[in-house]
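Contents: one structure, followed by commentary.
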Amino acid sequence: MSVTQELNVITAQIQALLKEICKGENGANKQWLDQIDRVMSLVNRLHEESTHMSEEQRTVVAILETHAVNLWNIAVALKTKDSLPVLVNAKLRHVAFLLVDCSTSSAFNENTWKKKIVMGMKAGRAWLDSKDPVMADQVFLLTDQFVASVQKAIVERKNDGVATEAVDKQKTEVLQDVFKLMCYKSEAALAQQNQQKALDLVLLAKEMLPNFPNEGGYLSMLCYNFGVDMYQQQKYEQGVMWLRESFELGKVRQTIGSRNQARTLRLLANAYLEWNAKEHCQKALNAVTLANTEHPHPAGFYLSLRVLLFIGEDDGAIQKAIEDILHQSDVTVDLGLNVVQLVSQHNRTEIAMDVTKILLKTFATSPDVGRIIVSQLELLIQMGKIREAKDFVEESITAHNTGKPLDATVKKRFHLTLWEQAAVAFEAKDYQESLEWYNYTLSLFSHSDIEAHNLAKLYRNRASCYLHLEQRDKAFESAEQAERWEPRSVHTQFILYKVSLAGADVNTAKCVLQKMCEMVASSDLGDDSTDAHSIMCLAAQMAFEENHQVVASQALECVANSCSDPWQVLTALRCLVRLKLASPEKDQETEPSNIDRNIQTAYHKLLQLQNESKENQNQVQNEASWFIKIAWNLALQCDESPQRMKTLFSLCQQLSSLCPRDDNNLTRQKTCMLMAAAAALQVARVSEDEAQKRYNLEEALQHVKNCRQLINQLQQNTLISTENKGKDSTETLLLLYEFEAQVKLNDPMSEQTLEQVLRLPNPDPKTFETLAALAMEPPAQNKNVSVRAIKVAIRKHLQLPQPDFNKCSKLFHSLVQLSLSGDSGTREEALTYYTEVIEVIDKRSQGQYPEMEILWLMTKAWNCGINFYSSGRCDEAERWCSTSLKLLKYLDTMRDNYEDHMNNTYSQILARMERLGTRSRGKSLEE
1 MSVTQELNVI TAQIQALLKE ICKGENGANK QWLDQIDRVM SLVNRLHEES
51 THMSEEQRTV VAILETHAVN LWNIAVALKT KDSLPVLVNA KLRHVAFLLV
101 DCSTSSAFNE NTWKKKIVMG MKAGRAWLDS KDPVMADQVF LLTDQFVASV
151 QKAIVERKND GVATEAVDKQ KTEVLQDVFK LMCYKSEAAL AQQNQQKALD
201 LVLLAKEMLP NFPNEGGYLS MLCYNFGVDM YQQQKYEQGV MWLRESFELG
251 KVRQTIGSRN QARTLRLLAN AYLEWNAKEH CQKALNAVTL ANTEHPHPAG
301 FYLSLRVLLF IGEDDGAIQK AIEDILHQSD VTVDLGLNVV QLVSQHNRTE
351 IAMDVTKILL KTFATSPDVG RIIVSQLELL IQMGKIREAK DFVEESITAH
401 NTGKPLDATV KKRFHLTLWE QAAVAFEAKD YQESLEWYNY TLSLFSHSDI
451 EAHNLAKLYR NRASCYLHLE QRDKAFESAE QAERWEPRSV HTQFILYKVS
501 LAGADVNTAK CVLQKMCEMV ASSDLGDDST DAHSIMCLAA QMAFEENHQV
551 VASQALECVA NSCSDPWQVL TALRCLVRLK LASPEKDQET EPSNIDRNIQ
601 TAYHKLLQLQ NESKENQNQV QNEASWFIKI AWNLALQCDE SPQRMKTLFS
651 LCQQLSSLCP RDDNNLTRQK TCMLMAAAAA LQVARVSEDE AQKRYNLEEA
701 LQHVKNCRQL INQLQQNTLI STENKGKDST ETLLLLYEFE AQVKLNDPMS
751 EQTLEQVLRL PNPDPKTFET LAALAMEPPA QNKNVSVRAI KVAIRKHLQL
801 PQPDFNKCSK LFHSLVQLSL SGDSGTREEA LTYYTEVIEV IDKRSQGQYP
851 EMEILWLMTK AWNCGINFYS SGRCDEAERW CSTSLKLLKY LDTMRDNYED
901 HMNNTYSQIL ARMERLGTRS RGKSLEE
């Protein structure tokens with residue numbers, strides 16, 4: 001396809017889209033917006049091509065100019081109606097602008113170029129309004145080219161002798177466009193965080209002001225807006241620069257006005273303070289002082305006060321600044337109270353108090369006078385003048401009750417202030433002081449003025465004060481008043497319970513506690529249920545601290561047993577478990593299964609909650625985690641009770657199943673099963689009942705099986721390699737547990753389990769030592785498996801770079817012992833082991849083989865030989881005795897004790913063999 005043909009296609013597409021867009025003047029539907037995006041993409045492409053188009057090709061596109069102008073007019077109309085989003089407005093103007101540029105002749109035409117300049121600046125302005133400075137810059141760059149062309153044409157016209165007045169007028173017009181373009185470009189630069197470019201453009205525009213003095217106000221306001229933007233972005237240094245420039249530009253221009261100049265100076269002062277108050281406080285003061293001179297305003301005087309306080313001026317200067325504020329005709333209560341707050345924050349409380357007194361006089365008839373009264377009370381308290389504050393409260397209450405009533409809002413603030421002081425005193429354990437502040441509230445409010453809930457709370461708080469003052473009668477009386485106003489409140493019943501418990505009136509405490517339990521269980525409970533359950537637990541804790549265990553248990557058992565809400569039951573169970581764990585150890589030992597049952601109940605409740613809803617999974621998991629920790633810690637303390645240990649670890653595993661099946665939790669479940677298997681084996685070891693022993697061994701095998709399933713899942717999740725798997729001791733432990741259970745159940749699979757251990761990468765010799773020992777534990781007594789395991793253990797030890805010959809010697813000891821305890825066939829096997837051990841001693845041990853073990857082996861072999869000799873079996877006797885003599889030479893310290901005797905006896909054996917005609921296979925010690 002040729003370029004011209006391609007232009008025809010693009011032009012047709014644009015023309016069709018523009019017709020559709022111009023029809024949909026109502027705008028805003030998705031199809032219309034999509035059409036705008038499509039035409040914008042096509043126009044951008046066409047405009048890129050236009051730089052290479054010939055005049056002939058431009059005539060193809062010229063048809064679009066009319067459509068572009070029409071689109072522009074539609075955008076103007078929609079914007080006038082305020083029915084066009086700013087971004088859509090920018091896109092429409094952008095499309096129209098580019099179309100006019102590429103659809104008109106490239107030859108200079110002043111009117112056309114001026115039209116392009118106007119359209120370019122308005123399109124760029126639209127992009128700025130839509131917060132897209134990058135697109136605005138692209139438009140302004142193109143507009144700059146048109147301006148330059150017009151300027152060039154004006155210069156040429158002047159050189160050609162055209163009338164000076166006409167040329168100057170045209171020059172002024174284009175310079176005005178240049179000025180506005182610079183201002184717009186500075187906005188775009190600042191929006192792209194290019195401070196220096198924005199400043200350079202503003203300074204260039206400033207240089208043009210002698211030609212356009214009326215534009216000074218616009219430039220000043222532009223700099224002010226830049227300053228506001230920087231201030232809001234917390235770029236205070238740049239904000240100061242722009243605000244100073246704005247003020248300088250507005251100095252000699254009446255259009256700005258002193259009001260706006262003062263506003264600029266106040267913001268400049270604030271910017272100085274936010275930038276670096278310590279370094280620029282004097283500049284801030286100068287700025288705000290000048291602002292107050294330009295145009296006095298309460299905000300300016302307030303700012304001046306703020307700076308003076310920061311500088312630390314003396315009280316005289318501060319008072320003068322306050323007078324300037326209060327003497328303003330438009331001063332308000334809010335401003336006055338802000339002054340009080342500001343001054344008091346800088347520890348000028350005496351001055352603040354004087355201000356409140358002035359405000360009370362100034363606004364004596366104002367409906368807001370109550371707010372000033374409250375501020376004065378708060379100030380007295382802040383100054384620590386508690387006695388004066390109390391006198392002031394009493395005077396205010398008297399005035400309120402004798403014709404100068406406080407409105408509801410002020411009374412509420414009074415109430416909050418009084419209660420806050422009461423709470424402070426209560427926290428400081430000054431209960432008499434706290435009681436006085438609560439009594440002031442009672443004096444200020446009639447029963448009709450305060451809600452029943454708040455009135456009950458007030459009486460409860462008074463009861464707490466009386467209780468701490470050990471005035472139990474008054475405490476009980478106040479608690480009864482609270483019950484009168486809010487009988488269905490657990491908080492109210494709780495204060496009655498506390499009073500009864502403090503007076504050791506256990507029966508009354510139980511009755512009140514029963515009411516509390518009924519309230520917690522009822523569906524129409526007025527208090528927040530979670531809060532109520534916490535109170536029940538607290539009631540139990542208090543009873544526990546007072547050594548009333550029965551009452552404490554009643555509180556928690558009541559909630560756990562009578563409540564239908566599983567969450568309530570869980571709360572009670574947690575508290576019950578805490579109490580039982582906190583009780584003396586002897587009490588825990590009397591019935592430890594109680595705690596186990598509580599944890600079991602918690603598991604069933606959590607399982608119920610998990611099945612009911614998926615929304616509370618996180619809470620279920622948190623609760624399960626708490627009970628897991630308890631069960632786990634208890635299990636670790638059950639060394640003397642393997643049965644309970646097994647139960648608790650099984651509970652841990654069940655509770656873990658309620659938690660997310662992530663790797664961490666699967667690992668925790670795996671550990672629980674591993675521990676449960678170990679505990680089941682321990683129960684089997686100590687059990688005397690054969691059926692019970694068998695049950696626990698089979699249970700251990702089931703735990704091992706379940707544990708392996710979890711391990712397989714973990715391996716799938718984390719893609720554990722076989723090499724890494726071997727580094728985990730879990731598989732080894734599982735095989736040990738499985739082997740022990742199988743061998744004690746006389747399960748032939750035990751040999752297959754031994755094979756699995758052999759296939760483990762780099763198994764520890766200790767593992768096979770353990771297997772050998774397990775194979776010989778009752779009721780297994782599997783000598784063959786034990787011997788095999790010992791032989792593997794010896795081999796593994798000898799394969800180490802530095803074998804432990806102490807361990808090797810013990811293994812050979814066991815191997816020989818097992819072999820010699822059997823029939824004659826195993827004795828032949830024992831001789832083979834002797835041959836191996838002698839080779840180890842001779843070639844590997846380098847003197848590290850324990851001498852006592854050599855002595856034992858030597859003695860054992862010698863005794864076997866002597867036994868054979870005594871029974872007349874000289875051939876066997878010679879073999880065993882010669883083996884013993886081979887070991888004799890490796891003795892260091894004890895060799896002399898045996899050498900003569902053994903050689904003599906051995907000689908006798910050889911002599912007897914000669915007499916019997918038996919060919920000697922032995923060799924003397926010398927040989």
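Numbers 1 to 927, taken from UniProt numbering, label the letters of the sequence shown in order.
Just so you know, even glycine gets a beta-carbon here, dropped at the ideal spot from N, CA and C.
Source: prediction; values computed, not measured.
- In terms of alpha-carbon separation, which member of Leu-855, Lys-19, Ser-613 and Glu-65 lies closest to Tyr-898? Leu-855
- Task: Look at the alpha carbon of Thr-722 and the alpha carbon of Gln-756, and state the distance between them as a whole number of angstroms.
- Result: Low per-residue confidence applies at Thr-722: pLDDT is 47, beneath 50, and the placement is therefore not dependable, though the value from the model is reported in the following sentence. So the alpha carbons of these two residues sit roughly 14 Å apart.
- Query: Buried or exposed: which applies to Ile-63, given that a residue is buried once 16 or more other Cβ atoms fall within 10 Å of its Cβ?
  - Reply: exposed
- Proximal residues to Phe-363 (C-beta, below 7 Å), its chain only, five neighbours per side dropped: Val-333, Val-369 and Ile-372
- So is residue 1010 buried or exposed if we call it buried at 16+ other beta carbons inside 10 Å? The first residue shown for the chain is 1 and the last is 927, placing residue 1010 beyond what the model contains.
- Message: Measuring only the C-alpha atoms, how far is Arg-759 from Lys-791?
- Response: 16 Å
- Message: Tell me the rounded alpha-carbon separation between Gln-13 and Met-230.
- Response: 45 Å
- Boundaries (first-last residue) of the alpha helix (DSSP H) holding Lys-515: 506-521
- Message: My output table needs one value for Lys-614: the three-state DSSP class, helix, strand or coil.
- Response: coil
- Are Val-355 and Leu-377 touching if we call contact CB-CB under 8 Å? no
- Is the region 780-795 touching the region 763-771, taking contact as three or more C-beta pairs under 8 Å? yes
- Message: How far does the alpha helix (DSSP H) with Ser-809 in it extend, from its first residue to its last?
- Response: 805-820
- Item | Limits of the alpha helix (DSSP H) - the one that Ile-358 falls within | 349-362
- Item | Integer Cβ distance of Arg-306 from Leu-360, believed to fall under 8 Å | Not quite, the Cβ-Cβ distance comes to about 23 Å (not below 8 Å), so this is no contact.
- Query: Sorted by chain position, which residues of the same chain lie with C-beta nearer than 6 Å to Ala-572's C-beta, five sequence neighbours on each side aside?
  - Reply: Leu-556, Val-559 and Ala-560
- Thinking C-beta only, is Asn-782 closer than 8 Å to Val-743? yes
- Message: What does the alpha-carbon distance come out to for the pair Arg-484 and Ala-456?
- Response: 8 Å
- Message: Using C-beta distances below 7 Å, list every residue in its chain close to Cys-102, excluding the 5 sequence neighbours before and after it, in chain order.
- Response: Leu-46, His-47, Ser-50 and Val-61
- Query: With a CB to CB cut of under 6 Å and the five nearest residues on each side skipped, what residues in its chain are close to Phe-494?
  - Reply: Ile-535
- Under a three-way DSSP split, which group does Ile-450 fall into? coil
- Message: Counting C-beta neighbours from all protein chains within 10 Å, is the total for Lys-586 16 or more, i.e. buried, or is it exposed?
- Response: Bear in mind that a pLDDT of 49 at Lys-586, under 50, signals an unreliable position, so the model cannot answer this.
- Under a three-way DSSP split, which group does Lys-197 fall into? helix
- For Gly-403, the three-state DSSP class (helix, strand or coil): coil
- Message: If you reduce the DSSP assignment to three classes, tell me which class Leu-30 lands in.
- Response: Sequence inspection shows Lys at residue 30; the Leu mentioned does not correspond to that position. In the structure shown, Lys-30 sits in a helix (DSSP, three-state: H, G or I).
- Query: If you count every other CB in all the chains shown that lies within 10 Å of the CB of Val-252, and 16 or more means buried, which is it?
  - Reply: exposed
- Quick one: what does DSSP say Lys-131 is sitting in, helix, strand or coil? coil
- Under a Cβ-count criterion, where at least 16 other Cβ atoms within 10 Å of its own Cβ denotes burial, should Ser-2 be classed as buried or exposed? exposed
- Message: Can you check which of these residues, His-901, Trp-626, Asn-616 and Phe-805, is closest to Ala-652 by C-alpha distance?
- Response: It should be noted that the sequence gives Cys, not Ala, for residue 652. Ranking His-901, Trp-626, Asn-616 and Phe-805 by Cα distance to Cys-652 puts Trp-626 first.
- DSSP three-state assignment for Ser-464, whether helix, strand or coil: helix
- Length of the line joining the Cα atoms of Ala-502 and Ala-425: 22 Å
- Query: Comparing alpha-carbon positions, which option in Val-620, Asp-596 and Val-240 lies nearest Lys-605?
  - Reply: Val-620
- Where does the unbroken alpha helix (DSSP H) through Gln-192 begin, and where does it stop? No alpha helix (DSSP H) contains Gln-192, which DSSP labels as neither H nor E.
- C-alpha distance - Asn-618 paired with Ala-773, whole-angstrom precision: 47 Å
- Task: State the Cα-Cα distance for the pair Ala-521 and Pro-487, rounded to the nearest angstrom.
- Result: 16 Å
- Assign Phe-212 to one of three DSSP states: helix, strand, or coil. coil
- Item | Secondary structure of Thr-4, DSSP reduced to three states | helix
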